[in-house]
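So for the sequence shown, the numbering used here puts the first residue at 134; every next one is plus one. Virtual Cβ for every residue (Gly too), placed ideally from N, Cα, C. Accompanying notes for the structure given below.
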Amino acid sequence: MKNRNALLLLLALLVSSLTFAQINPGETKEGNINLLDAQAQVFGDVFGDSLGIGKVDGYLDFLKKSDLPPSEKKKLAEYYMMYSKTLDEKGKDSLNTAMLKELKASKKDTLN
Numbered sequence: 134m135k136n137r138n139a140l141l142l143l144l145a146l147l148v149s150s151l152t153f154a155q156i157n158p159g160e161t162k163e164g165n166i167n168l169l170d171a172q173a174q175v176f177g178d179v180f181g182d183s184l185g186i187g188k189v190d191g192y193l194d195f196l197k198k199s200d201l202p203p204s205e206k207k208k209l210a211e212y213y214m215m216y217s218k219t220l221d222e223k224g225k226d227s228l229n230t231a232m233l234k235e236l237k238a239s240k241k242d243t244l245n
């Protein structure tokens, strides 16, 4: 009889804990991840000290610390704002490609 009561109590605790877990799922993750921010953070972590930019918190922070001309920084910041808005995946990819072209062109201009 004691074993049966202990088993029923254990079963009741198990079911109640599973039910509680379903009621309180916890925090949900953010749905959209801004890949430009993630890339800028990784780039800053890997090359930050050697390039003199240090720790980077996001893409806009990376732009502020870069040595690009102000006009290029403004243009890239505008592209970033367009990118961060709700675009479909195809739009994000095409915008990323356009931004990379602009960045390469500005680097080429500054090196010459």
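In angstroms with no decimal places, state the Cα-to-Cα distance between L147 and K135.
18 Å
Please say whether S217 and N167 have beta carbons closer to each other than 9 Å?
yes
State buried or exposed for V189, treating a residue as buried only when at least 16 other CB atoms are found within 10 Å of its CB.
buried
With C-beta atoms as the reference, is S239 less than 9 Å away from E205?
yes
Can you give the Cα-Cα distance for E235 and A210, rounded to whole angstroms?
For E235 and A210, the distance between alpha carbons rounds to 12 Å.
From L142 to S150, what distance separates their C-alpha atoms?
12 Å
With H, G and I counted as helix, E and B as strand and the rest as coil, what does DSSP make of N138?
helix
With distance defined between alpha-carbon atoms, name the residue in L244, A171 and L144 nearest to D200.
When only C-alpha atoms are compared, the closest one is L244.
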